[in-house]
Every structure is written in C-alpha cells, then in structure tokens.
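A.B. asks: Okay, here's the structure, questions in a sec.
There are 2 protein chains.
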Amino acid sequence: MTLRQHLSALFTDLYEVTMAQAYWAQRMSGTAVFETFFRKLPRGRSYVMAAGLADVLDFLEGLRFDEADLHYLRGLGLFSDEFVQWLAGVRFTGDVWAVPEGTVVFPNEPIVQVIAPIVEAQLVETLVLNQIHCQSVLASKAARVVDAARGRVVVDFGARRAHGIDAALTVARTSYLAGATGTSNVLAAREYGIPAFGTMAHSFIQAFGTEIDAFEAFARLYPGTTLLVDTYDTLRGVDRVIELAKRLGQRFDVRAIRLDSGDLGALSKAARARLDTAGLHRVGIFASSGLDEYRVAALLDDGAPIDGFGVGTRLCVAEDAPALDMAYKLVEYAGVGRTKFSSDKVIYPGRKQVFRRIEDGTFAGDTIGEPGEGLADEQLLVPVMKDGRRITGYDAGLEAARAHARQQVDALPPQLHSLEDARWSYPIAVSAGVATELETLRHQQRLVAEEKR
Amino acid sequence: MTLRQHLSALFTDLYEVTMAQAYWAQRMSGTAVFETFFRKLPRGRSYVMAAGLADVLDFLEGLRFDEADLHYLRGLGLFSDEFVQWLAGVRFTGDVWAVPEGTVVFPNEPIVQVIAPIVEAQLVETLVLNQIHCQSVLASKAARVVDAARGRVVVDFGARRAHGIDAALTVARTSYLAGATGTSNVLAAREYGIPAFGTMAHSFIQAFGTEIDAFEAFARLYPGTTLLVDTYDTLRGVDRVIELAKRLGQRFDVRAIRLDSGDLGALSKAARARLDTAGLHRVGIFASSGLDEYRVAALLDDGAPIDGFGVGTRLCVAEDAPALDMAYKLVEYAGVGRTKFSSDKVIYPGRKQVFRRIEDGTFAGDTIGEPGEGLADEQLLVPVMKDGRRITGYDAGLEAARAHARQQVDALPPQLHSLEDARWSYPIAVSAGVATELETLRHQQRLVAEEKR
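Pasting the structure below:
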C-alpha cells in the first residue's frame, strides 16, 4: 500500500514533536531502542497474530515533513524556526527488528523493535502503534474465525462496518493473511492482489418485480454465481432457485445459495434437503448475518451443511476485543537499559529477543531474553530494516506471510485453539539476564529516590 | 477532508458492481431511494449521534472510475467492455436528504436518504455505510464521555489505537463534534482545524538521568505545559514538580500534572493536597489511562479533583459498542415502495421523514412518517445535495455541527443521559401512512407467493 508511504509525517501525537524539540534542544542524539508489545491478552484471545509490519516499513521509508507540514508546525507557536528547519531534513535512518507478519505472539513479547536516534524513534511511535495494533487486532480475530470454519471458505464482508477506509482495506488484508479466501472489497482486492468475492443484495431482488426474475437476470449474466434467497421467505426463495434450474435446464450454472437471516442452522438443513431432492447437489450453501468464530463453530458442531461463510461486522471491528493494551516503550537509551515502575505496568529494560521452544512441531514455551542468550533455536525477532532501508529479501509478500501464518496456527498447542477462555496459559518466561537487569535498575532507582529525600 | 474526494470508486463491495451491470443490462434506470438507518441500540447506548455526512458528500461529488479502476474491472472477467466503457462516464447525479451531523437519532430513523438512478445509488452503498457507521459509532461514544466529564476538558488520545489512519483522524473529528476540547493527533488537528494538545511520554522521562532534569528541560521549553509524574513513583513525581517550582521560582509556569496509571481517584486527591500545601493551587490535574465515560463519572462522583481527561483506547474503538447494525436499504424503486420480509429484519417501505415533538425544550418523541405528513414541527431530514451537488449553505462546517450537537444533547430527556442501560425507552412511533404501506406490500407479496404455488 502506498497510503502509508505518502502519509504526512504529521500523523503523530503532538507530544512526539514537542519531545523531539526538547531532545534536539538538549543535544540528545543517542540511539534509543523502543519495543512494541502488549501486556495482557483480552478475554476471548489465547494468542495474538502479529501484523502490520509491511505498512510500518513503508511509512518509515517515506518519513519526511513537507513544506505544508512545517508551515502548520510553525503556526502552533511551540517550535523554534531552527528546529522546524532541522525537522525538514529528518528521515528515518534507524534499524528495525520484528517478528514476521503472521507470527503468533504472547504478552510482553516485543513485536517490533525500533533502534534509531531518539528523535526519529520518538516521532514514529504513533504510526507504528496505530498500524501494528490495528492489524494485529484484526488478524487475530480473523485467525480465530478461519480456525473455527475448519477449512470451509471464509470471505471478509467487513468493508461497510470497518472503522473507516483504512480499516476496511486492512481487514481484507489481515483476513487473507490469517487464511480467509478473499474479500468483498474491490479496492482491497486490487491493492493487495487477493480474490474479490460477491453475491447479490436484497435491493437487487426488491428492485425486480419477482424474485425469480431477479435470479434469472443475475444467473444468466454471472455463471457460477451465488443467489440470495432470504428476501421474502427463505425456503420459498430456495424453491425459486429450483424452479430456475428447471427453467434454464443445461444452462443453469449457480454455485451456491446465500442465507442472510433467521436460524441459519435449521434453514441450511432444510435448504440442503430441498436442493438435494431436486438433484441440485452441486449447489452449495453460503451463510452470512452476524457471524463470528463462536457462531461458525456452533453451526458446524450442529451439522449445518454450510460450505462458506461471509463474515462482516464482528470480524471487521473485532467486536469482542477491538483493542489490545499495546505500547511502544523505551527500553534502552545511549546504551543504558531503561524502565518505569509505575503500578502494574512494568517494562523489562534492554533490547530483547524472544526464544521459542518447539517440541514435535508444537510451540512448547517462550522465553523473553537478551539477544545473545541462545535460549532456543527459534528466535522470533529478525532484522527487517537497516539504516532506514528494508533489508533485501526480508519482505516476501502477503502470500508468504499467509503461509507462515498458517504454519504458526498449525503449531499452536491444542488448548490455544479453544474458543473458550483457556484456563491453561502458554508458558512464557523471562530470562535470568532480563530479570537481573530489571532488579538492578529498580535498585538504582531506589537509591536515587532515597538520595533525593 | 480530501481523502474521500480522491478515494477510488473501487472502494465498494464487488456485488455493487455486478448488480450495477445487471441493472444496466436490464435497462433499469429508474430512481431508487435507499435509506441508511440502524435497527437496534447496542447495550450501553441510549441514543446515537449521527456523523459522517460531510465525508459522504465529498465522496459523492468526486465519484468516478479512473482508467486504473476500469483496467482492474476488465481483468476480473465479469464485466463486458460496453459496461466498463459506460462506467467510465458514471457520476453521482442524485439527491441526498440527511439529518445534520450531530443530530441525535434512534432505531429505524433514516439518517441518510440517497435518491438517484439505481446504479449510482447502489454503487455508493459501501462508502456511505462505512463513513456514516464509523463516524456515528465514534461520535456517540464521545458524546457520552463528554457528558460524563461535566464540563471538564476531554482530549482525544486515540490516534495510536484507533483502527487505522482514517479512524484515527475520524475519532479526532467526531470527538470534537461531540464536544471534546481537542486532540493529540497533529494531522487531524490540521485537517479539521481543531486544537492540538500534548503532554509528554514516559520515554522522555526515562531518557533523562533524573525525573526532575526531564521536567525542567520540558517546562523551560514549553510554558504552560503538563508534566507526567507517574514514571517511577507518582507522589514522588509530584514532589519533583514542587521541587522544580522552588528551583524555578517566578519562572515556574506549569499548567498541570498528568497521572497515567494506578488509582487515579486516590492519587489525584493526594497529589492535589501536596500541590495545595506547596501553594501550587493553579497547577491542575490531568488524568489518563483506561478511561471511558463510566470511569470518568465514577471518578467525579468520588470527588476526584481532576480538571481534564485524556481518553484514548476505549473512546477510539468505542470499546463497549464498536458497531451498530446499520443498513442501507432500498425502500422505493421507480416510484413503488419496496420492502423485505425475512425474519426479524423489517424494512419500512417508501421514502420517509422523521418528525420530532419537542416539549419545553426537551425531545418528547419521534414519529417515522411519510414526507408529507406534518406530524410535528421539527423534521429531522433536510435536503443536502441536489443533482449531485451540495446544496449551497447547507454545510456550515464543523463548528456549527458541534454547536448543533451540544443543543441536541442538552435537549435529551434526562433518562437518556444515564450511563446505565435505561429501562425507559424514548418513544418512537411509525405513522399510520407508513404502517399501511407495509401492510399493503405484505398482502401483495402473499398474493404473489400464493399464485406461485
């Protein structure tokens, strides 16, 4: 997506810019390490699927304040002319380490590490968080829906109720990343090179004199299409499809009917029976209307003969968990580990790596350690940007990320596939090295605090 | 915003385009009336504040398929060359009636009415719903937060956790519309001409050797600033501010301290006491961290001496109600009322108006009627676009919408200000004219269905 590449550098919180001027005024040009992570899994999530990195890297590569941006900043009365002049030359020149998109992550594990002069690293906080948060929230929800659909088709129908244009494009991307078959959103399909799907709306049926005329017009125009049967009376709608099959004979080529209201379980069974009795075994059943992973799983558990699911609202806003407590925190500055101690929000200091043990192809536990600690073969964070440029060969594109995401979900311990709140927690440890560093800083801080008394 | 004006016309669901070709192929060029409304208030909402109209009108005025869009559509193998050629000339030439932004609306009340040749009205469904839904969801949440803050400052801090870039800009806009004082988002502040606010981050404190050095550097640079006191130990942080006041003497000019963790009620009281004892009565207290209308109201009920609130995550994703069941439904085509009967999702046929009774300055009840039925003086839907062009003088801008929004909230019945699920429902009726039209269509439909047996 070029949206992020051409996004104004003013897409940031005001305090990032005021802090930047203060660092600049203090001649603080040391290297900072910021880590993006979340602290707690929300109810209804046993893991998070990381996403958003490609867009973050686009933004970092394109970061610059243009003349209009600088003009606006001058007008705020907060910034000196020299600083604004200096801002004009600011580019992102740092390094980034990150877990590849589609990787499954857990609380306190760094997802993205930004290593750069402190001003640059501070200025990009808002965008990094905005994209990693939103895309990870949406990918995590989609991964659950896809998992619940047990190999059946899942199509993103979220464009109309996603939170704005960017989110509508994103939910198409992250759903595909997480294993969905495609999206209804044409722009997203073009931008990301993913399949576009569509059926028909009630308005189409309503605009025609009769349901069967609407079906016939659509089916003649679109071989292999899907017909929406619930505008007036669902099972009578199914009968109209059967009538159409008789009318068109050999020319009848309809892939599926779509149910969009009512008791989808009972209706799908009744519809399947009528279609089968009419010999229309090859006409599938596609369902939509208020679906999420819980509804999909319940329908399939109940034996509903549904071949595909259109999932909209509850997917596109991640309705049960629309936010994570994701943060972007300074862990090192000028070579020294940094932390904060305010209640209940600990930051582990220093640059870190996540080591994952894998046993028999299944994730067995993670340790958050120091980069050198070699605690397991699998190290989640990899270098993706060096001196402000993407590392060649890192970004293999959405299809590769999708394959990686599937491998990740396949390697989850069985308990994490459960849709219920797992009593079992995936084992996550902090290495002795990291724990010691935190204690050392705590001790120093206590000494400083006592001196000040 | 120009984002919507330059948005590709491909920001639509695929079925809008396949239906458009079917209408075109059938020579169906009659005028359609589509209405946007929601069916049910979600838990935790007693009203919805309508928003998003300005962006919808921008999009409608700019609607066109460019060469890249047409090229992509040709490649899908669904559309004839003639149709794609014809699409190149499609513009939005219809009329729009709508409730002004900031208007309080209730279930089944049309928010936006699109009256246009059916192809045009169908193609814009996705964008109309995406914007009206997202902006109304976010404005409704913000209205509650502002109401709960009882006149205190509310600042949108949502940029980092809103669902993408568009939502981050939108939440700044809709929060301001609903009465917030400003936003932390610099780009949104510039785009919408609203005040930008900022404090400082923990990283700033952490990067300095000591907390007081960080405070001093920031306070010297930014007279009237806000200092974040909870990085290491909140009340010691307050003591550092007091120490700074002594150090700087007359030059000490700090507007507020900010609390961002822990028990905000207890900490604000203890901080207030320390500041007052030190004679710093004019230093206010600004609070953030996990706030929403419930927390804000509870803090104020408890007498917390907090002067302003930074509200982020729970506002920017409307965490407790991130979606409405908002629909865009055909109610009339070629002069004939249209409906559907599928279970539990009734559509009232025909073009409608919302009549609102006002008694002693308070909303007393609404009736959804036919446009001609003069059921009350106050008619919510007004013409905003004619033949594809904004009606001059309609759009008075964000400040006027904000004043309108405030009047609307002030005129709510007292029960609707309650944050708890109201047992009392605002009275909404359907006029005899609309009810009769629905019954007539139901009867006709039964006749058609019986004929077909």
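So the sequences go chain by chain: A and B. So for the first sequence, my numbering puts the first residue at 1; every next one is plus one. So for the second sequence, my numbering puts the first residue at 1001; every next one is plus one. Heads up, the beta-carbon is just placed ideally off N, CA and C, and yes, glycines get one too. Computed from a predicted model, the values in this text were never measured in an experiment.
1) Do you know offhand how far D1360 (chain B)'s Cα is from L1416 (chain B)'s?
2) Give, in chain order, every unbroken run of the beta strand (DSSP E) that is at least 3 residues long and sits entirely within the stretch 46-116 of chain A.
3) Residues in the same chain with beta-carbon distance under 7 angstroms from V1146 (chain B), minus the five sequence neighbours each way, listed in chain order, please.
4) Going by the beta-carbon positions, is the gap between V96 (chain A) and L60 (chain A) smaller than 8 angstroms?
5) Tell me which residues of the stretch 158-178 of chain A have at least one Cβ-Cβ distance to chain B shorter than 9 angstroms, keeping chain order.
6) Can you find a C-beta in chain B that's less than 8 angstroms from the C-beta of M1 (chain A)?
7) Closer than 8 angstroms, CB to CB, is A278 (chain A) near chain B or not?
8) Identify whether R1282 (chain B) lies in helix, strand or coil by the three-state DSSP scheme.
9) Given a cut-off of 8 angstroms, decide if T1234 (chain B) and L1267 (chain B) are closer than it, judged by their beta-carbon atoms.
10) For L375 (chain A), I'd like the list of residues in its chain whose CB is within less than 7 angstroms of its CB, leaving aside the five on either flank, ordered along the chain.
11) Relative to the C-alpha of A278 (chain A), which candidate in A:G94, A:L14, A:V241 and A:S289 has its C-alpha closest?
12) Is K386 (chain A) helix, strand or coil when you go by DSSP?
13) Using a Cβ cut-off of 8 angstroms (strictly closer), state whether H1443 (chain B) contacts chain A.
14) I need the straight-line Cα distance from A287 (chain A) to R390 (chain A), nearest angstrom please.
15) With a floor of 4 residues, list each alpha helix (DSSP H) that falls wholly inside the stretch 1120-1149 of chain B, ordered by position along the chain.
16) Given 8 angstroms as the limit, is there contact between the stretch 332-351 of chain A and the stretch 297-304 of chain A, that is, 3 or more CB pairs closer than that?
17) In chain B, which residues lie less than 8 angstroms from Y294 (chain A) when you measure between Cβ atoms?
18) Is V17 (chain A) close to chain B? Criterion is C-beta to C-beta, closer than 8 angstroms.
19) Pull up the distance between the alpha-carbon of G1433 (chain B) and that of Y1348 (chain B), whole angstroms please.
20) Kindly indicate if chain B contains any beta-carbon less than 8 angstroms away from that of E101 (chain A).
21) Between the Cα of P1171 (chain B) and the Cα atoms of B:F1204, B:V1137 and B:F1197, which residue gives the shortest distance?
22) Rounded to the nearest angstrom, what separates I132 (chain A) and A50 (chain A) at their Cα positions?
23) Are the beta-carbon atoms of V1114 (chain B) and G1094 (chain B) separated by less than 8 angstroms?
24) Report back the beta-carbon spacing between A1009 (chain B) and D1069 (chain B) to the nearest angstrom; my notes put them in contact at under 8 angstroms.
25) Near R258 (chain A), what residues of its chain come up, given a Cβ to Cβ distance below 6 angstroms and the 5 sequence neighbours on each side ignored?
26) Counting only Cβ pairs nearer than 8 angstroms, list the residues of chain B close to R43 (chain A).
27) At 8 angstroms on the CB atoms, spell out the chain A contacts of Q1206 (chain B), in chain order.
28) Please determine, among B:D1387, B:G1102, B:P1107 and B:A1201, the residue with the shortest C-alpha to C-alpha distance to L1053 (chain B).
29) Taking the alpha-carbon positions, what's the R190 (chain A) to F1079 (chain B) distance?
30) Considering only residues of the stretch 346-418 of chain A, which uninterrupted alpha helix (DSSP H) runs meet the minimum length of 4 residues and lie entirely inside it, listed in chain order?
31) Specify the secondary structure class of V229 (chain A) as computed by DSSP and reduced to three states.
32) Hey, D230 (chain A) and D260 (chain A): beta-carbon distance below 8 angstroms or not?
33) DSSP state of I1194 (chain B), grouped into three classes?
34) What is the DSSP secondary structure of M1326 (chain B), reduced to helix, strand or coil?
35) Is the Cβ of P322 (chain A) closer than 8 angstroms to any Cβ of chain B?
36) Excluding the 5 residues flanking L127 (chain A) on each side, which residues of the same chain have their C-beta closer than 6 angstroms to its C-beta?
C.D. replies: Quick answer:
1) 16 angstroms
2) 95-98
3) V1154, A1178, G1179 and A1180
4) yes
5) A159, R160, R161, A162, H163, G164, I165, D166, A167, A168, L169, T170 and V171
6) Confidence is the limiting factor: at M1 (chain A) the pLDDT is only 43, short of 50, which leaves the residue's position unreliable, though a coordinate-based value still follows. M1 (chain A) does not count as touching chain B.
7) no
8) coil
9) yes
10) F355, T367, G369 and S431
11) A:V241
12) strand
13) no
14) 42 angstroms
15) 1125-1148
16) no
17) The premise fails here: Y294 (chain A) is roughly 16 angstroms from chain B at the closest Cβ pair, so nothing lies under 8 angstroms.
18) yes
19) 11 angstroms
20) no
21) Per the sequence shown, the amino acid found at residue 1171 (chain B) is Val instead of Pro. Among B:F1204, B:V1137 and B:F1197, the Cα nearest to that of V1171 (chain B) is on B:V1137.
22) 7 angstroms
23) yes
24) 6 angstroms
25) T199, T226, L228 and F286
26) Correct list: empty, because the minimum Cβ distance to chain B is about 12 angstroms.
27) L330, Y333, R338, T339 and K340
28) B:G1102
29) 16 angstroms
30) 398-410
31) coil
32) yes
33) coil
34) strand
35) yes
36) F11 and F59
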